[in-house]
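**Student:**
Residue numbers (the working numbering): 326 to 412.
(1) From residue 401 to residue 368, what does the alpha carbon distance come to, in whole angstroms?
(2) Counting pairs of Cβ atoms below 8 Å between the region 346 to 364 and the region 378 to 390, do you hit three or more?
(3) Going by Cα to Cα distance, which pick from 374, 383, 351 is closest to residue 394?
(4) Where do the N-terminal and C-terminal ends of the alpha helix (DSSP H) with residue 387 fall, by residue?
(5) Can you say whether residue 354 is buried or exposed, counting buried as having 16 or more other CB atoms within 10 angstroms of its CB?
(6) Identify the continuous alpha helix (DSSP H) that holds residue 404 and give its terminal residues.
(7) Skipping 5 residues on each side, what residues in its chain have a beta carbon closer than 7 Å to that of residue 347?
(8) How would you label residue 351, buried or exposed, when you count the other beta carbons within 10 angstroms and need 16 or more for buried?
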């Protein structure tokens, strides 16, 4: 993170369009892990487990080499995909 006049800013990533390969990976992995990612918290479904799984998804997407994605950008992309599917 960079500081500017004592304030902290998060590092910004360039916004590259999502490739078809990245889209296929996120959809495949989210579908495989739907119960964990969208389940209510309990003994096996915890926020820590969800964060860990999102980091695994991010690592798989970043392995494509198109752009460096974060968990937040992946979650936003998934929301956008779901919203567009409903339209």
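Just so you know, even glycine gets a beta-carbon here, dropped at the ideal spot from N, CA and C.
This structure is a prediction, so every number in the text was calculated from the model and none was measured.
**Tutor:** The structure says:
(1) In a straight line, the C-alpha of residue 401 is about 27 Å away from that of residue 368.
(2) Flag = yes, the region 346 to 364 and the region 378 to 390 touch.
(3) 383
(4) 372 to 387
(5) buried
(6) 396 to 411
(7) 386, 389, 391
(8) buried
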